[in-house]
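Asks: Residues in the sequence shown are numbered consecutively from 4, following the working numbering. Each residue gets a CB set at the ideal place from its N, CA and C atoms; glycine is no exception. Source: prediction; values computed, not measured.
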Amino acid sequence: MSELRIFLLGPLRVERLGEPVALSSPKQRALLAVLARSPGTSVSVDALAHGVWGEELPERARASLHTLVARLRRLLGDGSIRTTADGYLLAVDPGAVDVAEFRRLLNFAASVRGTSGELPALREALALWRGEPFLPEVWSGLTEQYLTALRRRVDLDLAAGEHTGLVAELTALVARHPLSEPLWERLIRALAATGRHAEALAEYANCRRKLAEELGVGPGPTLQELYLELLAHDDEPPAASVLPRQLPSAVTGFVGRSDELRALDELLRGHTDPTVLTVVVHGTGGVGKTTLAVRWAHQVAEQFPDGQLYIDLRGYGPGKPVAASAALSAFLCALGVPERAVPVDAAEREALLRSRLAGRRVLMLLDNARDAAQVRPLLPGAGCLALITSRSDLRGLSVRDGARSVALHRMSKLEATELLAANTGIDRVAAEPAAADDLARLCGHLPLALRIIADLVARDPATRLAELADELRARRLELLADPADDAADPRAVFSWSYRELAAGEAQLFRLLSLSPAGQFGVAAAAALAGRPEGETRRSLDRLVSVHLLEPRGLGHYQFHDLLHHYAAELTVAEDLATTRSAALRRALGWYCRTAMAASVTLAPGRHLWNDEVPREDLFAGQPRALDWFDHEWPAVVAAVRLAQEAGADDLAWRLAATLHAFFVIRPVWDEWESAYRVALVSAERLGDPVARGACLVGLGTVHVHLGLEAQALVAYRQALASFEEAGAKAQQAVALVLIGNCLEFLEHHADAERSYRTSIALSREIGDQAREAHALSNLAITATSLGRCAEAVELSTRCLYLRRAVGDERGQAHTLDNLGDAWTELGNHGEAIECYRQAVALARAYRDRRNEGVHLGNLARAELRNGDADRARRTAAEAWALLANIPDNDAGKVRDRLARSFPEYAGGQPDERDQKARGSTVRSTGVPGAPEEWEGETPVAVTADRTWG
């Protein structure tokens, strides 16, 4: 067996030892094609140069060719290309090149013509053909050789009586070669031989129309003679007795889709108007629209006793879509109208069809429709059902014609597994349930892909599902490909939708595969494409309408997994590397800028980058910023890794730094730590002390929330040293607060207080009120814990004033919680309750379940001490439900306090002070020392978090 195999009958593919070889350069592919024209034979330098560059040779063509050969040789392996006296030769056996093998088999078939060996040789040769040959100009007459061999093979099959099996194949062939009269002739003969004279006449009419439209000529003598033979056929039944039964056979192994079948049943059952019922089943390529429609059509066929009509409109697929006039002709013939009586004018055909169907109940299945204009002339009259499948939602039919819509989505996990079991055997799936789930997921729960995988499993009983899943994971679309049948090849199926897109829509589809995550909003897509948002939104909606994208909430979209792989292949094949790189940089830059703005809005004055802070009014308040992060944080995390891999280290660490403000509200510790460890690599590569310090702060905060204060202290101190090296005083102020937090956790209270006061001094030195408030807030907590509660009230009051001044609403909530703690220790439980209730209400507004639970826990203890035991128990139950499964330090401490105060959560007794359930002993009309303008206002706040609050 040759080490190399080269496939040129279709898109170029090269394999070495069974593994694919990627040839990224068009010149490399052209050079290989010219060498492969004569494998084992020397090709001159001039011939190779003209084959690669044509007439526009470079100045140093010989040297350029030498370099190109050297690069190709490295890809193909040593010894693959040999240097000769006047050029180069490809050192492979002729049988390793599909073109050479194709010609050898055709020559052999010619030598045994008329014997039993001819047909197998032709079939073997034709099986090598995968489509238009690569660089067809290199292979003179190759396509004609293929068509000649194909016609000969069809003739042999027809002579053997294989008419039925040939109809589908010939239908596809004439779609690909619509001007080949010999193929039309054979299709018409096959239809006539199986008794389908009306369809044969309809195909003759299609052929006549195609030739007239494309060449301005009519059918040749052979086809005309065949047409007369069909007209002379005297076995046609009278028109009144024609009862078409054209539905294709239902697919075996059908499972699931119960909701969709039920929806279709309800539409039919609920349709009582004296009009036609029009139903559009739409979905992405390969999702099983035709399978579902045919299945349901057979189930309800008895309700349409006057017949069932079917046509593949070829809206998406090889060849041109079927014109409405041609479909009308086919239906009229199927209803008993002789072809010679079919009107020439399309409007007259439409009127005649309605007349034929008047008063009859006929089911019409219009499969694979392109658009509403193609379908509208075919709609039958009252009492009939028009069932339409399309990749488009055909919105125009809904608006103008009252069509009902049934969207077909990917199968559920259970349905996908059932489909595998139904087509591979229950035992195979039961033996490897986890691998079966993997296969279903890797197929994107798409029925077409699942059936291809099921076929691979069924063909080889020794194949383990886990092995197939590993292979599918490594080469997704390649394993699912079927070069012999486009209809069973996801790449080809997807391409039929893709090639209908306008150029701008197609490029957007390709570039979206570069998005950091599989889902994205309009603004992110616009940044990636470098286009205005309005134009991008329209293109995204178009991609949704043809099911190349899926909507994911208002203004957001996502890829189907296999379509994501397909788009990624396309962008590598069709977009320049510079185009892809620029698009990715735009997208990463947009995520970075927007995440910076969201982070600054959530936590004013606590960012750790030196860049100009983005405008905070990009988000109208903290809830909007939190909403943005809720949607986009997976993309931002993915963008960190993408930026680091792309060498955009400046973006990688900044992206990670923006996540800090979000992750303290929505803690996802594994993702948080992973993002910062990736970003730290970029920071070290940059040699930027601020970047390194920011990443160390992020890692330290993860340690704090996991209860690893000592490790966090080490990270924070390293971060402080980095900030001091850079002279970054604002960042030093933040790091000093975090160091103080850790010292406080470790009960080094005096050291913690010194750290906070140093931070306050630095913040005042640079005039940063937000950072001063950050330090004051933590200093107030320390004062409370040391029993200096009156001082804590004073510090918190100052902090609250500063946070209002800088618009830090989350910080205000944190400070109110501190005030609640101080009032509790002073015995003023009424004032404490008011502070905690504000915090609870605002945490709920932000959907911050963790800190809502923290505030509720504090509120419950205050209510208990205020003498309201029943209310306290209800509040404690709410808090416990929210905090029970949150595995972080702060939540754990609140759970411990609840357990000490409420025996039902610990099996013990409440602590002594709670058992006494004291009421308020100190009264206050408001926050002491508060500026007059605060009176009567409820500070807007969200969540409390000691580490970052």
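Do you know whose CA, among His610, Ser602 and Glu648, lies nearest Glu635's CA?
Replies: Ser602
Asks: Hey, Arg32 and Glu18 are a contact pair by Cβ (cut 8 Å); roughly how many whole angstroms apart?
Replies: Not quite, the Cβ-Cβ distance comes to about 14 Å (not below 8 Å), so this is no contact.
Asks: May I have the straight-line CA-CA distance separating Ala659 from Pro607, to the nearest angstrom?
Replies: 17 Å
Asks: Can you find a CB in chain B that lies within less than 7 Å of the CB of Leu741?
Replies: Among the chains of the structure shown, chain B does not appear; only one protein chain is present.
Asks: From the DSSP output, which residues share a beta bridge with Asp315?
Replies: Asp370
Asks: Between Thr287, Val549, Gly856 and Leu862, which lies nearest to Val827 when the distance is taken from Cα to Cα?
Replies: A small correction: the amino acid at residue 827 is Thr; Val does not occupy that position in the sequence shown. Of the listed residues, the one whose Cα sits closest to Thr827 is Leu862.
Asks: Give the DSSP bridge partners of Ser47, in chain order.
Replies: Gly90
Asks: Along the chain, which unbroken stretches of the beta strand (DSSP E) at least 3 residues long are found entirely within the region 445-529?
Replies: 522-524
Asks: With a CB to CB cut of under 7 Å and the five nearest residues on each side skipped, what residues in its chain are close to Ile191?
Replies: Ala203, Glu206, Tyr207 and Leu229
Asks: Quick one: what does DSSP say Pro23 is sitting in, helix, strand or coil?
Replies: In this structure, DSSP gives Pro23 an extended state, which the three-state scheme calls strand.
Asks: Keeping to the same chain, check which residues put their C-beta closer than 7 Å to that of Leu517; ignore five residues upstream and five downstream.
Replies: Leu531, Thr574, Arg583, Ala586, Leu587 and Ala590
Asks: Quick one: what does DSSP say Leu11 is sitting in, helix, strand or coil?
Replies: coil
Asks: Got a sec? Which residues, its chain only, sit under 7 Å from Ala651 by beta carbon, not counting five neighbours each side?
Replies: Arg588 and Leu591
Asks: Work out the CA separation of Glu263 and Glu812 for me, nearest whole Å.
Replies: 48 Å
Asks: Throw me the rounded Cβ distance for the Thr661 and Met599 pair, which I believe falls under 8 Å.
Replies: The pair is a contact, with the Cβ atoms about 5 Å apart (cut-off 8 Å).
Asks: Starting from Leu388, follow the beta strand (DSSP E) in both directions and report where the run begins and ends.
Replies: Leu388 to Ser393
Asks: Restricting to runs no shorter than 4 residues, where is the alpha helix (DSSP H) found entirely within the region 828-870?
Replies: 832-848 and 852-868
Asks: Excluding five sequence neighbours on each side, which residues of the same chain lie with their C-beta closer than 6 Å to the C-beta of Leu552?
Replies: Leu546 and Tyr560
Asks: Return the CA-CA distance between Ile456 and Glu22, expressed in angstroms with no decimal places.
Replies: 20 Å
Asks: Evaluate Leu20 with the Cβ neighbour count: other Cβ atoms within 10 Å of its Cβ, from every protein chain shown; 16 or more gives buried, anything less gives exposed.
Replies: exposed
Asks: Does Glu62 come out as helix, strand or coil in the three-state DSSP assignment?
Replies: In the three-state scheme derived from DSSP, where H, G and I count as helix and E and B as strand, Glu62 is classed as coil.
Asks: Would you mind stating whether Tyr719 and Gly701 have Cβ atoms separated by less than 7 Å?
Replies: no
Asks: Which class does Leu280 belong to by DSSP, given the choice of helix, strand or coil?
Replies: strand
Asks: What does the Cβ neighbour count give for Thr581, buried or exposed, with the cut at 16 atoms within 10 Å?
Replies: Flag for Thr581 reads exposed.
Asks: With respect to the beta strand (DSSP E) encompassing Arg407, which residues constitute its N-terminal and C-terminal limits?
Replies: For Arg407, the enclosing beta strand (DSSP E) begins and ends at Arg407 to Ala410.
Asks: For Glu18, which three-state DSSP category applies?
Replies: strand
Asks: Between Leu859 and Cys838, is the Cβ-Cβ spacing less than 7 Å?
Replies: no
Asks: Would you decide whether Ala376 is buried or exposed? Buried here means 16 or more other CB atoms lie within 10 Å of its CB.
Replies: exposed
Asks: Output the distance between the C-alpha atoms of Glu881 and Gly856, rounded to the nearest integer angstrom.
Replies: 7 Å
Asks: From Leu1 to Leu739, what does the alpha carbon distance come to, in whole angstroms?
Replies: Since the first residue shown for the chain is 4 and the last is 952, residue 1 is missing from the structure and cannot be characterised.
Asks: Ends of the alpha helix (DSSP H) at Gln561?
Replies: Looking at the DSSP string, Gln561 is not in any alpha helix (DSSP H); the run it does join, the beta strand (DSSP E), is His559 to Gln561.
Asks: Between the beta-carbon of Ala425 and the beta-carbon of Val290, is there less than 7 Å?
Replies: no
Asks: Taking the alpha-carbon of Val549 as reference, which of Phe562, Gly556, Thr174 and Glu58 has the nearest alpha-carbon?
Replies: Phe562
Asks: Quick one: using the 10 Å Cβ neighbour count with 16 as the cut-off for buried, is Asn110 buried or exposed?
Replies: exposed
Asks: I think Ala655 touches Gln647, with their Cβ atoms under 8 Å apart; what is that distance to the nearest whole Å?
Replies: Yes, they are in contact, since the Cβ atoms of Ala655 and Gln647 sit about 4 Å apart, within 8 Å.
Asks: For Leu388, collect the residues of the same chain with a Cβ closer than 6 Å to its Cβ; drop the 5 residues on either side in sequence, then sort them by chain order.
Replies: Leu280 and Leu366
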